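Here the sequence shown stands for residues 13 to 81, where the numbers follow our numbering.
Presented below is the structure to which this report refers.
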Amino acid sequence: MAYSKLFFSIGIKALLVLVAMGEAALIYMADFSGYMFDVVILSLAMLMTLYCLVRAIRYYTSDIKKLGL
């Protein structure tokens, strides 16, 4: 059970990294010449994703201590 929680936790962090990289790629590779508001919205979404990732990594050590690994 402990390993499944650890695997799930690492999987969520990996997914957050992939989502942030996808958002960054969309911002920098897409042509938003006429729609600069889309860049603002995507930038905010990327920042929120990165915030969630940093928060998840920060509490990673406390999760590990609770699992007893």
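Ideal Cβ positions, reconstructed from N, Cα and C, are used throughout, including at glycine.
What you are looking at is a predicted structure, and each value in this text was computed from that prediction instead of being measured.
Inter-residue spacing [alpha-carbon to alpha-carbon] between residue i and residue j
{"i": "Lys78", "j": "Val29", "result": "24 Å"}
{"i": "Cys64", "j": "Met48", "result": "25 Å"}
{"i": "Ala37", "j": "Gly46", "result": "18 Å"}
{"i": "Val66", "j": "Gly23", "result": "14 Å"}
{"i": "Leu54", "j": "Leu27", "result": "17 Å"}
{"i": "Leu59", "j": "Ala42", "result": "18 Å"}
Residue i, DSSP secondary structure in three states
{"i": "Ser45", "result": "coil"}
{"i": "Tyr40", "result": "helix"}
{"i": "Tyr63", "result": "helix"}
{"i": "Tyr71", "result": "coil"}
Cβ separation of residue i and residue j, assumed to be a contact under 8 Å, to the nearest whole Å
{"i": "Gly25", "j": "Ala68", "result": "Contrary to the premise, residue 25 reads as Lys rather than Gly in this sequence. Indeed, because the Cβ distance is near 5 Å, the residues count as touching under 8 Å."}
{"i": "Ala32", "j": "Leu62", "result": "5 Å"}
Beta-carbon contacts of residue i that lie in its chain and below 8 Å, excluding the five residues immediately before and after
{"i": "Tyr72", "result": "Ser21 and Lys25"}
Close-in-space but distant-in-sequence residues of the same chain around residue i (CB under 6 Å, 5 per side omitted)
{"i": "Ser16", "result": "none"}
Contacts around residue i, its chain only, beta-carbon distance under 7 Å, and the 5 residues preceding and following it disregarded
{"i": "Val51", "result": "Ile39 and Phe44"}
{"i": "Glu35", "result": "Leu54, Ala57, Met58 and Thr61"}
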